[in-house]
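Peer 1: Numbering (my numbering), first residue to last: 96 to 446.
Next up is a structure, given as structure tokens.
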Amino acid sequence: MSIPVSELHAASYRARQVPAPTEVVDGVWAIPVPLHGSALRYVTVFLIDTADGLVLIDAGYDHPSCWQSFQRCVGSIGRRVDAITAVLLTHNHPDHVGFADHLRTVSGAQVVMGRADDFATMRQRRGGFLQQLRAALELTGAPPEVVDAMYADAVEVAVHDESLRLDHAPAGETTFRFGDVTLLAVPTPGHTYGHTVYFDTRGLVFTGDTMMAEGPTQLAIVSRPDDDPAADLFRSLARIRALDAGIACPAHQFPYRDVAARVDELTALHRGEVEAVRDLVRDGDGAWTLAQRMTWKKPWAELGRGTQRFHLMHALALLRTVDTGPLLSPAAGRRTSSPAATWAAPPAGGA
Ligand SMILES: [Zn+2]
Ligand SMILES: [Zn+2]
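Here it is in structure tokens:
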């Protein structure tokens with residue numbers, strides 16, 4: 096259980112409301128921006144006062160209501176959006192990169208995001224979002240009509256403008272100095288391949304979607320033979336723990352204090368999932384077969400197709416970690432075939 100920095104912020108989250116802006120520590124503001132029509136309800140962006148202007152962590156959705164709400168909140172704490180000199184993005188999801196480009200136009204802010212999440216890099220290595228999803232669905236061994244239906248659902252709702260240009264795209268740990276404030280960009284893949292947390296050396300870590308206050312971390316979509324997002328996440332969590340931050344500032348839910356304990360809790364949760372899959376899976380199973388055998392909140396057949404797709408992607412990621420088990424612990428290997436061989440040729444038609 097995470098210890099909230101602000102009881103009020105946590106209480107608003109639990110009451111399913113959008114919290115008001117709160118000062119996390121002197122000169123660092125949490126600004127929840129509403130996400131209309133989303134189960135997440137809001138994304139929290141963080142504004143940092145520095146001698147070199149304001150630094151913003153993440154940038155909500157690309158929607159006029161998000162931008163207006165953000166502007167209003169910034170005004171309510173006595174700051175101005177045109178004083179923002181840098182936008183540090185934790186990762187390339189639409190609820191995080193949203194108005195970054197617009198902000199650059201308004202204030203001239205520099206836009207920073209991890210190299211592997213940069214659209215130009217990602218397109219070369221993995222293709223656009225829909226191509227990645229298609230590849231992932233085909234890797235699950237689901238029947239072609241299921242793959243087609245799940246893909247068609249995503250095409251309908253995917254409104255991700257894949258054109259954001261970055262001013263900096265760090266590929267390794269990189270220090271950014273803004274007057275008196277130092278922020279270390281730390282690559283933390285797991286939720287996406289280029290996810291980056293930003294460590295404020297005064298003792299805060301901005302964790303994006305890698306480590307919320309409660310619950311699991313959504314794993315990245317597996318679309319290449321060498322992808323293993325859960326293993327990435329375990330390494331990333333260990334790195335975050337070693338930063339020894341006193342406060343974690345996630346993009347959803349609420350900021351909290353017990354960072355090391357939360358790292359341990361989250362690591363145990365996902366290791367438990369990997370172990371459960373290891374026990375459940377039979378040789379030759381694809382993620383489609385496995386997902387139907389796993390325990391979800393409702394029986395598989397009663398889940399909506401969107402929820403099934405979400406769980407299917409999670410099962411695919413966990414299965415990949417089971418297949419590459421020796422990377423995690425020497426005794427953990429289950430299969431005799433190589434992961435590439437297993438995944439290059441999912442059973443025709445699945446099941
Ligand atoms: Zn995300
Ligand atoms: Zn998010």
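Think of the CB as a built atom: it goes at the ideal place given N, C-alpha and C, for glycine as much as any other residue.
Taking 7 angstroms as the cut-off, is the CB of residue 212 close to at least one heavy atom of ligand 3?
Peer 2: Among the ligands present in this structure, namely ligand 1 and ligand 2, ligand 3 is not found.
Peer 1: Measure the CB-CB distance between residue 192 and residue 199 and report whether it falls below 8 angstroms.
Peer 2: no
Peer 1: Is the beta carbon of residue 341 sitting closer than 8 angstroms to the one on residue 145?
Peer 2: no
Peer 1: If I follow the unbroken beta strand (DSSP E) through residue 137, where does it start and stop?
Peer 2: Counting along the chain, the beta strand (DSSP E) containing residue 137 begins and ends at 137-145.
Peer 1: Let me check one thing: in DSSP terms, what residues is residue 344 bridge-paired to?
Peer 2: Answer is 301.
Peer 1: Quick one: Cα of residue 114 to Cα of residue 346, how far?
Peer 2: 13 angstroms
Peer 1: So for residue 130, helix, strand or coil by DSSP?
Peer 2: coil
Peer 1: Ignoring anything shorter than 3 residues, give me the beta strand (DSSP E) runs that lie fully in the stretch 239-266, in order along the chain.
Peer 2: none
Peer 1: From residue 394 to residue 403, what distance separates their C-alpha atoms?
Peer 2: 10 angstroms
Peer 1: Would you be able to state if there are at least three C-beta pairs under 8 angstroms between the stretch 115-135 and the stretch 165-172?
Peer 2: yes
Peer 1: Could you give the DSSP three-state label for residue 384: helix, strand or coil?
Peer 2: helix
Peer 1: Please classify residue 278: does DSSP put it in a helix, a strand, or coil?
Peer 2: strand
Peer 1: Please find out if some non-hydrogen atom of ligand 1 comes closer than 7 angstroms to the beta-carbon of residue 263.
Peer 2: no
Peer 1: Would you call residue 211 buried or exposed, if buried means 16 or more other Cβ atoms sit within 10 Å of its Cβ?
Peer 2: buried
Peer 1: Exposed or buried, residue 384, counting other C-beta atoms within 10 Å across all chains shown (16 or more means buried)?
Peer 2: buried
Peer 1: Relative to ligand 1, is the shortest distance from any of its heavy atoms to the C-beta of residue 449 smaller than 7 angstroms?
Peer 2: This structure cannot settle anything about residue 449, because the visible part of the chain is limited to 96 through 446.
Peer 1: By Cβ distance below 6 angstroms, which residues in the same chain neighbour residue 178 in space, the five residues on each side in sequence not counted?
Peer 2: The residues are 148 and 149.
Peer 1: Would you mind sorting residue 96 into buried or exposed? The rule is 16 or more other CB atoms within 10 Å of its CB.
Peer 2: exposed
Peer 1: Do you know offhand how far residue 289's Cα is from residue 378's?
Peer 2: In this structure, the alpha-carbon of residue 289 lies about 32 angstroms from that of residue 378.
Peer 1: What did DSSP end up calling residue 113 once you bin it into helix, strand or coil?
Peer 2: Correct three-state label for residue 113: coil.
Peer 1: Using the three-state DSSP reduction, which class does residue 205 fall into: helix, strand or coil?
Peer 2: strand
Peer 1: Residue 448 to residue 302, Cα distance in whole Å?
Peer 2: Past the boundaries of the shown model lies residue 448; the chain is included only from 96 to 446, so the question cannot be answered.
Peer 1: Are the CB atoms of residue 344 and residue 276 within a distance shorter than 8 angstroms?
Peer 2: no
Peer 1: Would you verify that the beta carbon of residue 301 is, or is not, closer than 8 angstroms to some beta carbon of chain D?
Peer 2: Protein chain content of the structure displayed is limited to a single chain, and chain D is not contained in it.
Peer 1: Cβ of residue 206 versus every heavy atom of ligand 2: is any distance shorter than 7 angstroms?
Peer 2: Checking the Cβ of residue 206 against ligand 2 gives no.
Peer 1: With a Cβ-Cβ cutoff of 8 angstroms, do residue 137 and residue 349 count as a contact?
Peer 2: Going by C-beta atoms, residue 137 is not nearer than 8 angstroms to residue 349.
Peer 1: Say whether the stretch 181-189 touches the stretch 280-294, bearing in mind that this needs 3 or more beta-carbon pairs closer than 8 angstroms, one atom from each stretch.
Peer 2: yes
Peer 1: Measure from the alpha carbon of residue 209 to the alpha carbon of each residue in 310, 286, 397 and 167, then state which is nearest.
Peer 2: 286
Peer 1: Suppose you measure from the CA of residue 325 to the CA of residue 416; what does that come to, to the nearest Å?
Peer 2: 6 angstroms
Peer 1: Examine ligand 1 and report whether any of its heavy atoms sits within less than 7 angstroms of the Cβ of residue 158.
Peer 2: No, the beta carbon of residue 158 sits no closer than 7 angstroms to any heavy atom of ligand 1.
Peer 1: Out of curiosity, what's the CA-to-CA distance linking residue 353 and residue 243?
Peer 2: Looking at the two C-alpha atoms, the distance is approximately 44 angstroms.
Peer 1: If I measure Cβ to Cβ from residue 307 and keep anything under 7 angstroms in the same chain, skipping five residues before and after, which residues do I get?
Peer 2: Around residue 307: 345, 347 and 348.
Peer 1: To the nearest angstrom, report how far apart residue 128 and residue 105 are at their CA atoms.
Peer 2: 15 angstroms
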